[in-house]
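Going by my numbering, 20 is the number at position 39 of the sequence shown; the sequence numbering is gapless. Glycine included, each C-beta is placed from N, C-alpha and C at the ideal position. This structure is a prediction, so every number in the text was calculated from the model and none was measured.
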Amino acid sequence: MKIQILGTGCPKCRQLEANAREAVSAKGVEAEIEKVTDIDEIMEMGVMMTPALVIDGDVRSVGKVLTVEQIAAQL
């Protein structure tokens, strides 16, 4: 599984990354977590607001920080 956190490094982006890491750990799944900070790459994915959560190429959340529980439910 590949999880991408799209954002420029703002506090909300960092919180989403932390929540994603905690959700992966809690579910016991194997996942690669990647931060994407390049605005051009983010826009290529069709995302205009950050932070955003992408799981296996599917944009799951845009413009908000999902909780650990919300992320875990999508894994």
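Handout entry: ILE36 beta carbon less than 8 Å from that of MET(-18)
Key = ILE36 sits close to MET(-18), with the two beta carbons spaced by under 8 Å.
Handout entry: Start-to-end residues for the beta strand (DSSP E) that takes in ALA53
Key = From DSSP, ALA53 is part of no beta strand (DSSP E) but of the alpha helix (DSSP H) over 49 to 55.
Problem - Proximity to ASN0 [Cα-Cα], best of ASP39, ALA33, GLY38 - result: When only C-alpha atoms are compared, the closest one is ALA33.
Problem - Continuous beta strand (DSSP E) stretch holding ALA33: start and end - result: It spans 33 to 36 - the beta strand (DSSP E) in which ALA33 sits, taken as one unbroken run.
Exercise for the section: Can you have a look at VAL10 and say buried or exposed, based on whether 16 or more other CB atoms are within 10 angstroms of its CB? Expected result: Around the beta carbon of VAL10, fewer than 16 other beta carbons lie within 10 angstroms, which makes this residue exposed.
Exercise for the section: Measure the Cβ-Cβ separation of VAL43 and MET24 and say whether it is below 8 Å. Expected result: Between VAL43 and MET24, the C-beta gap is not smaller than 8 Å, which leaves the two residues out of contact.
Problem - For GLU60, the first and last residue of its enclosing alpha helix (DSSP H) - result: Since the first residue shown for the chain is -18 and the last is 56, residue 60 is missing from the structure and cannot be characterised.
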